[in-house]
Amino acid sequence: VQDIAGLRIMCQFVDDIYEVVRLIRQRNDFDIVIERDYIQNKKASGYRSYHIVLEYPVQRIEGETKILVEIQIRTLAMNFWATIEHSLNYKYKGEFPDTIHERLERAAEAAFLLDEEMSQIREEIQEAQYIFAINKENQRKRKKRRDS
Numbered sequence: 094v095q096d097i098a099g100l101r102i103m104c105q106f107v108d109d110i111y112e113v114v115r116l117i118r119q120r121n122d123f124d125i126v127i128e129r130d131y132i133q134n135k136k137a138s139g140y141r142s143y144h145i146v147l148e149y150p151v152q153r154i155e156g157e158t159k160i161l162v163e164i165q166i167r168t169l170a171m172n173f174w175a176t177i178e179h180s181l182n183y184k185y186k187g188e189f190p191d192t193i194h195e196r197l198e199r200a201a202e203a204a205f206l207l208d209e210e211m212s213q214i215r216e217e218i219q220e221a222q223y224i225f226a227i228n229k230e231n232q233r234k235r236k237k238r239r240d241s
């Protein structure tokens, strides 16, 4: 697919990626042509990201035409790995040795494990905040009953 525009959306958490995808799907001012979930189905290199290719209508002198736009949605950790892996590939002449491929795959997996760990930490913090809010509300109600 030959796209002429592209953008990258960086999310803090993997769950946020799927929320962004959901929001993109809800729009009706363009047509989604291709979706590729490289998070659930990572590439052999270890690359993870969510790609959406869409046709977006633009007005030109000749009238309306549709351009292809690729949107890449990934976490900060996924972007860190992909950016460095990409620059290493361009600087290296020839094919990487298998040992380098294996190390890059392990690094990609480490980045994904970091994403998962940060998601778990976020969930635990949100749960603790919820419990704290409930306890605070219960204390407020008890105090109100005592004072009345």
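My numbering applies: residue 94 is where the sequence shown begins, and numbers increase by one. Beta carbons are placed, not taken as given, at the ideal position from N, Cα and C, and that holds for glycine. Everything numeric in this text was worked out from a predicted model, so none of it was measured.
Under 8 Å between C-beta atoms of residue i and residue j
i	j	result
Glu210	Gly139	no
Leu169	Gln105	yes
Glu128	Ile145	yes
Ile125	Leu100	no
Ile164	Ile117	yes
Ile214	Ile166	no
Tyr149	Val162	yes
Distance between residue j and residue i (C-alpha atoms, nearest Å)
i	j	result
Tyr185	Ile177	12 Å
Lys236	Glu230	10 Å
Asn228	Gln219	14 Å
Lys135	Met171	11 Å
Ser212	Asp108	8 Å
Ala201	Arg238	56 Å
Glu188	His194	10 Å
Exposure label - residue i; buried when at least 16 CB within 10 Å
i	result
Ser142	buried
Ala137	exposed
Asp208	buried
Distance between beta carbons of residue j and residue i, contact taken as under 8 Å
i	j	result
Ala204	Phe173	6 Å
Bounding residues of the alpha helix (DSSP H) (the contiguous stretch that carries residue i)
i	result
Gln219	Asp191 to Asp240
Residue range of the unbroken beta strand (DSSP E) whose run includes residue i
i	result
Asp109	Element bounds for Asp109: not the beta strand (DSSP E) but the alpha helix (DSSP H), Val107 to Gln119.
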